[in-house]
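First residue of the sequence shown: 0, per numbering that gives the first Met the number 0; consecutive thereafter. The C-beta atom is built at its ideal place from N, Cα and C for all residues, glycine as well. The next block holds one structure in the form of structure tokens; read it before the comments.
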Amino acid sequence: MTCKFISIGELSGLTGLSAHTLRFYEKAGILRSVGRAANGHRRYRSEDVLWLEFVLRLKQTGMSLADIKRYAQLRAHGDETLHARLAMLQLHQERLVAKMAELENCSSALDDKIRTYRKMIAAATGTKRKASK
């Protein structure tokens, strides 16, 4: 069985992360240390793509890089950290649900203000039409 390796440029294209960010994630311990080709170029695997996609989801949902790093460290220790990882993800999800509720409230307030302005504009436009007759 042959394993297809991915270059840093290919990984960057697949994830949308810059090569600089990928190197930073590796140095920070968020991304495992990767193997190198004979020419010194990094050689990523398909598992790295899946992991980075998950890291991006964590980041997009507001998890701090420090927490992502802590999660990555737990992950690197294998199944003995399953409970700790589960607890981290549950806490993150609770925070995410609370943030979504907060954003929904903000969106409702904006909807109310937009309706108010539309009514005011419609009333002002109606008044102008009556005055021009």
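For residue i, is the classification buried or exposed, using 16 other Cβ atoms within 10 angstroms of its Cβ as the cut-off for buried?
| i | result |
| --- | --- |
| Leu21 | buried |
| Asp47 | buried |
| Met0 | In this predicted model, Met0 has a pLDDT of only 47, less than 50, meaning its place in the structure is not dependable; the value taken from the coordinates is given anyway. Flag for Met0 reads exposed. |
| Met62 | buried |
| Ile113 | exposed |
| Leu90 | exposed |
| Leu81 | exposed |
| Leu88 | exposed |
Under 8 angstroms by Cβ, that's how I've got residue i and residue j pegged, so tell me the actual separation to the nearest angstrom.
| i | j | result |
| --- | --- | --- |
| Ala36 | Lys68 | Not confirmed; about 27 angstroms, so no contact. |
| Arg41 | Val54 | No, Arg41 and Val54 are not in contact; Cβ-Cβ is about 17 angstroms, not under 8 angstroms. |
Give the single residue among the options whose Cα lies nearest to the Cα of residue i.
| i | options | result |
| --- | --- | --- |
| Gln72 | Leu16, Ser11, Leu30 and Phe23 | Leu30 |
| Leu64 | Ala121, Ile120, Gly15 and Glu25 | Glu25 |
Just the Cα atoms here: how many angstroms apart are residue i and residue j?
| i | j | result |
| --- | --- | --- |
| Tyr116 | Cys105 | 17 angstroms |
| Gln92 | Arg56 | 12 angstroms |
| Arg84 | Asp78 | 9 angstroms |
| Glu101 | Ala108 | 11 angstroms |
| Lys3 | Gln59 | 28 angstroms |
| Gly6 | Asp111 | The sequence as given places Ser at residue 6; Gly does not occur at that position. Spanning the two alpha carbons is a distance of roughly 50 angstroms. |
| Leu10 | Leu49 | 11 angstroms |
| Phe23 | Leu51 | 13 angstroms |
Could you pull the DSSP bridge partners for residue i from this structure?
| i | result |
| --- | --- |
| Arg35 | Arg41 |
| Ile5 | Tyr43 |
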